[in-house]
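Data block below; observations after.
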């Protein structure tokens, strides 16, 4: 379909790599030496307590704030992301927690906002056609694309926001708390959507406070604590308690540090080569 | 992997699959969701319209009703009100302030305001008169200089707004005073300069009327263009597998437009006819409507007015949108000032003063442009200015002086703002905000 490229097969390829990212806001050191790798066809969950620096890291990737130190590498080339346009050009699409939709415009206008089709005048017919094909591919349930976005439910708005991120054919989609405001069924729909993004070979960065969601769809979990990396796990080899301990820092004593070192040693090499979609913690039939 | 919830059919999964496929194949791509409430036939269309109005999506309905009420009331009080002579005057009075009002609609779409349009129109009238009459410049050069003044003012506002983030309310309030001062300074000690009656700008504003045949030809061409464009869209939508407007609906709409344009044209042609200046105003409204609804720039204006942060994040150059809109608003104000000077055949210290400012803003709001941004159309300026000038003309015919006129116009503006706020609240509660 024209709106979405056919699923790529190049799964497990390193698309973006962050090394030693620092960021401070005045006297506050928000991020210190953060490392993050994003692979195609993999969902990496970024978890951490409030103030851990998840949103700051996302804003650096989205080009909202440039980083103060460290390097970003894309396809073995050093790149800098100084504004949202740079981020777009690197194939990064960000779905913000507030969704950033224009309530007064309809679904089609929101999907193509800033990327309208047609030369000179807007080609509404082609845009509407592609909107339907895109929404169908995502199995999205939107009754009409010609109604203002204000009249959609929370899950439908989230769907529109995620669908919009795919218009520019990105390689990486960053989802900031996509399920925070949603009900049970809507959350399941969004999780399905995330799996469909992974099947298309996109690198997905998922930020969530909800460990059930993370364990349901993520392949790899990167924990941030107080602006530093605090562990990286493959979902298949980690328990809920381990993640919570890493998030809260409860593991930070001599005994657990030794245990942690062993987990890291086992987990990190596997994570760096990337993991396939069937490595998730839950068996197929248990997923929502 | 396919989970039960992700079955790629938009309809309920408990329907048997074969029927589903048959049904989907017959229905346009945008009408397949079974939850969609679809109007059937003429009665259905009317019911759907009633539903939209009740949920606060009223568009230009209040202003059309208001206009009818005003016209009926004034024609009962004074039969001369609906005479062809008076209506021709009414159209000519609409053009200048109406043109200013188009610019106001644009800034209101962004959720901003320009309070200085009166002063800017006065400044442009003063520049026209001084350069053309006192300095003896050729008329086109003088006109260009006047318009350029508007562009410069708009650039200044745009720069101040986007660079320093000063609220447009305050910037333009400063402009209101500042450019009034500049206008007085340009006019100098004389204070009033008459434009020669034989110059074409005065002729254009006062004496030029379309010949009857030309006005009818224009009406027919407009209706044909409208019908052709509807037909083209319908065909392209059908070709793309989307629902299209049925042919009967196209015919009904075109005939309706023919009546809306043809009957007033015929009535105006009973006396002097359609003024060239009014035609210019109408063309400007249609052109701005085209730019607002069919181009990327127009879409971006609505997006910035709806949610500026969303617009910025989707890659729209928000600064450019603000600057172009402020420039357009001030340029329309300058053009309005030129038209007003032409109609008066003079520029003086009172040009653009008095109620020009408030009438232009009131017209945009009365016509349905929301003060909260993101809602309204270029036609708001046309409808609004018709209401304002009808009230003004009616009250003048009743020999009521300006004190009453101001009070009534103020009350109408207040009413329009209340309708705007109420319909916004209703839209929010009906999920149409």
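Chains as they are written, first to last, in my numbering: chain V, 1 to 288; chain X, 289 to 721. Glycine included, each C-beta is placed from N, C-alpha and C at the ideal position. In this text the structure is predicted, and so the values were computed from the model without any measurement.
ask   = Sorted by chain position, which residues of the same chain lie with C-beta nearer than 8 Å to residue 589 of chain X's C-beta, five sequence neighbours on each side aside?
value = Within the same chain, 394, 397, 398, 580, 609 and 613 come within 8 Å of residue 589 of chain X by CB-CB distance, once the 5 residues on both sides are set aside.
ask   = Of all the residues that make up the stretch 594-622 of chain X, which are near chain V by a beta-carbon distance shorter than 8 Å?
value = 594, 595, 597, 598, 599, 600, 601, 602, 603 and 604
task = Identify whether residue 264 of chain V lies in helix, strand or coil by the three-state DSSP scheme.
result = Here residue 264 of chain V sits in helix by DSSP.
task = Please name the residue, chosen from X/334, X/368, X/360 and X/336, that lies closest to residue 687 of chain X on a Cα-to-Cα basis.
result = X/368
query = Cβ atoms of residue 419 of chain X and residue 624 of chain X: under 9 Å apart, would you say?
reply = no
message = I'd like the span of the alpha helix (DSSP H) that includes residue 608 of chain X, first residue to last.
response = 606-632
query = What separation, rounded to the nearest whole angstrom, lies between the Cα atoms of residue 673 of chain X and residue 386 of chain X?
reply = If I take the Cα positions, the gap works out to 6 Å.
request  = Specify whether the stretch 9-25 of chain V and the stretch 54-69 of chain V touch according to this definition: at least 3 beta carbon pairs, one from each stretch, less than 8 Å apart.
outcome  = They touch, by the three-pair rule.
query = With 16 as the cutoff for other CB atoms within 10 Å, does residue 710 of chain X come out buried or exposed?
reply = Classification for residue 710 of chain X: exposed.
task = Could you give the DSSP three-state label for residue 318 of chain X: helix, strand or coil?
result = helix
inquiry  = What ranges does the alpha helix (DSSP H) occupy inside the stretch 623-694 of chain X, keeping only unbroken runs of at least 4 residues that lie completely in it?
reply    = 644-654 and 666-685
key: Nearest neighbour of residue 659 of chain X, chosen from X/632, X/615, X/712 and X/680 [CA to CA]   = Out of X/632, X/615, X/712 and X/680, X/712 has the C-alpha closest to the C-alpha of residue 659 of chain X.
ask   = Within this structure, are the beta carbons of residue 549 of chain X and residue 507 of chain X separated by less than 9 Å?
value = yes
key: Outcome for residue 701 of chain X when other beta-carbon atoms lying within 10 angstroms are tallied against a minimum of 16   = buried
query = When the Cα atoms are used, what is the spatial distance from residue 551 of chain X to residue 595 of chain X?
reply = Residue 551 of chain X and residue 595 of chain X: Cα-Cα distance of roughly 41 Å.
request  = Look at residue 486 of chain X and residue 144 of chain V and say whether their C-beta atoms are less than 9 Å apart.
outcome  = no
ask   = So, is the C-beta of residue 84 of chain V closer than 9 Å to a C-beta in chain X?
value = yes
Residue 17 of chain V - containing beta strand (DSSP E), residue span = For residue 17 of chain V, the enclosing beta strand (DSSP E) begins and ends at 14-25.
ask   = Using Cβ-Cβ distances below 9 Å, what residues of the stretch 515-534 of chain X are close to chain V?
value = 521, 524, 525, 527, 528, 529 and 530
request  = Please list, in chain order, all residues of the same chain as residue 567 of chain X whose beta carbon is under 7 Å from its beta carbon, the five residues on each side excluded.
outcome  = 498
ask   = Closer than 9 Å, Cβ to any Cβ of chain X: which residues of the stretch 108-121 of chain V, in chain order?
value = 109, 110, 112, 113, 114, 115, 116, 118, 120 and 121
task = Consult DSSP for residue 98 of chain V and reduce its assignment to one of helix, strand or coil.
result = coil
message = Beta-carbon within less than 8 Å of residue 80 of chain V's beta-carbon, same chain only, minus the 5 sequence neighbours each way: which residues are those?
response = Closer than 8 Å at Cβ, skipping near neighbours: 66, 72 and 86.
Nearest-angstrom beta carbon gap, residue 622 of chain X and residue 412 of chain X [assumed within contact, 8 Å] = Right, the Cβ-Cβ distance comes to about 4 Å (below 8 Å), so this counts as a contact.
ask   = What do you get for residue 110 of chain V, buried or exposed, if any count of 16 or more other CB atoms within 10 angstroms of its CB means buried?
value = It counts as buried.
request  = Could you work out which residues of chain X lie near residue 145 of chain V, taking near to mean beta carbons separated by less than 7 Å?
outcome  = 318
Straight-line gap, residue 382 of chain X to residue 620 of chain X (C-alpha atoms, nearest Å) = 14 Å
task = Using DSSP bridges, identify the partner residues of residue 497 of chain X.
result = X/563
ask   = Helix, strand or coil: how does DSSP classify residue 439 of chain X here?
value = helix
request  = Spell out whether any CB of chain V is found under 9 Å from the CB atom of residue 662 of chain X.
outcome  = yes
request  = Output the distance between the C-alpha atoms of residue 13 of chain V and residue 40 of chain V, rounded to the nearest integer angstrom.
outcome  = 5 Å
inquiry  = Pairs of beta-carbons, one from the stretch 650-664 of chain X and one from the stretch 466-473 of chain X, closer than 8 Å: are there three or more?
reply    = Not touching, per the Cβ criterion.
ask   = Closer than 9 Å, CB to CB, is residue 103 of chain V near chain X or not?
value = yes
inquiry  = Measuring only the C-alpha atoms, how far is residue 434 of chain X from residue 68 of chain V?
reply    = 49 Å
inquiry  = Closest to residue 544 of chain X by C-alpha separation, out of X/529, X/511 and X/522, would be which residue?
reply    = Comparing Cα positions, the closest option is X/511.
request  = Assuming residue 631 of chain X and residue 494 of chain X form a contact by the criterion Cβ under 8 Å, report the distance between their Cβ atoms to the nearest whole angstrom.
outcome  = 6 Å
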